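Residue numbers (our numbering): 42 to 299.
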């Protein structure tokens, strides 16, 4: 059977890998585990009091309350290492869900001419700007407070996009929790890929990281409908899930017959 779901191959990988190692794990258990981990992370990482200093992926980072600390996550440093292997010389880059700004900094290190670092959390945007200045990239990174791309007008503004969305479905408790939860049935990020297509230059690329525990069928459908094809670039397996890194390419848009 053929399919147009661009993430289906990763769904198959997830089922093989996870079921091979954890055949007895049931969906109910995973849901309970996610809720427990979410609560622990929310109160110990996102809502932790006080400003912290960290060194991650070679960057000196200030982590203010409500900003996700990349020391306690696999995806941001894994994504940053991947970006180190890209040639972004002269590229205009967008970093969606910038958080501490670690991926924006990685893009500058890879040669990006400019980076627009976007986050819905005003504290995160301010923190990313502070970290850009502290790491000598303040002249190339601009931060924007925005719900996805809503504050950026459509147009071919970017050559490359870095997308690190929330991985879990469910209602976010507050704006800080938008780093973890994407709304019921991922509705909070549902417009993301169409917005990205409207702001990506012709021939531009987007790089997108997600968890194998996410709804890959739903996300794959959103990606396909937005006019992208997906290619799996890397995966990092930990415990009961994998982090999947994709390259998204624009598919040709059909021109209506006259």
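Each residue gets a CB set at the ideal place from its N, CA and C atoms; glycine is no exception.
The model shown is predicted, which means the values in this text are computed figures rather than measured ones.
Return the chain-ordered list of same chain residues with a C-beta closer than 6 Å to the C-beta of residue 254, the five sequence neighbours on each side being excluded.
282
Could you check whether the region 242-254 touches the region 211-218, counting it as contact only if at least three pairs of C-beta atoms, one from each stretch, sit closer than 8 Å?
no
To the nearest angstrom, how far is it from the Cα of residue 109 to the Cα of residue 169?
11 Å
Keeping to the same chain, check which residues put their C-beta closer than 6 Å to that of residue 165; ignore five residues upstream and five downstream.
108 and 140
In terms of alpha-carbon separation, which member of 122, 286, 200 and 268 lies closest to residue 153?
200
DSSP state of residue 92 mapped onto helix, strand, coil:
coil
Residue range of the unbroken alpha helix (DSSP H) whose run includes residue 123:
116-125
Who pairs with residue 282 in a beta bridge, going by DSSP?
279
Note down the Cα distance separating residue 137 from residue 280, rounded to an integer number of angstroms.
26 Å
Own chain residues within Cβ distance below 8 Å of residue 197, not counting five before or after:
240, 241, 242, 243 and 245
At which residues does the alpha helix (DSSP H) containing residue 265 begin and terminate?
257-266
Compute the distance between the beta-carbons of residue 146 and residue 176, then report whether it is under 8 Å.
yes
Using CA atoms only, rank isn't needed, just tell me which of 172, 89 and 106 is closest to residue 100.
172
Delimiting residues of the alpha helix (DSSP H) encompassing residue 234:
233-240
Since residue 101 is in the beta strand (DSSP E), which residue starts that stretch and which ends it?
100-104
Inter-residue spacing [alpha-carbon to alpha-carbon] between residue 275 and residue 222:
23 Å
Any C-beta of chain D under 8 Å from that of residue 189:
Any reference to chain D falls outside this structure, which holds one protein chain only.
Quick check: what's the CA-CA separation for residue 225 versus residue 259?
12 Å
Presumed contact (8 Å Cβ cut-off) between residue 284 and residue 115, rounded CB distance
6 Å
Which residue comes first and which comes last in the beta strand (DSSP E) that contains residue 184?
182-186
Candidates 257, 98 and 113, of which the one nearest residue 89 by Cα:
113
Spatial distance of residue 217 from residue 261 (CA atoms):
26 Å
Residue 143, enclosing beta strand (DSSP E) - first and last residue
Premise fails: residue 143 lies in the alpha helix (DSSP H), 143-150, not in any beta strand (DSSP E).
Entirely within the region 185-218 and at least 4 residues each: give me those alpha helix (DSSP H) ranges in chain order.
none
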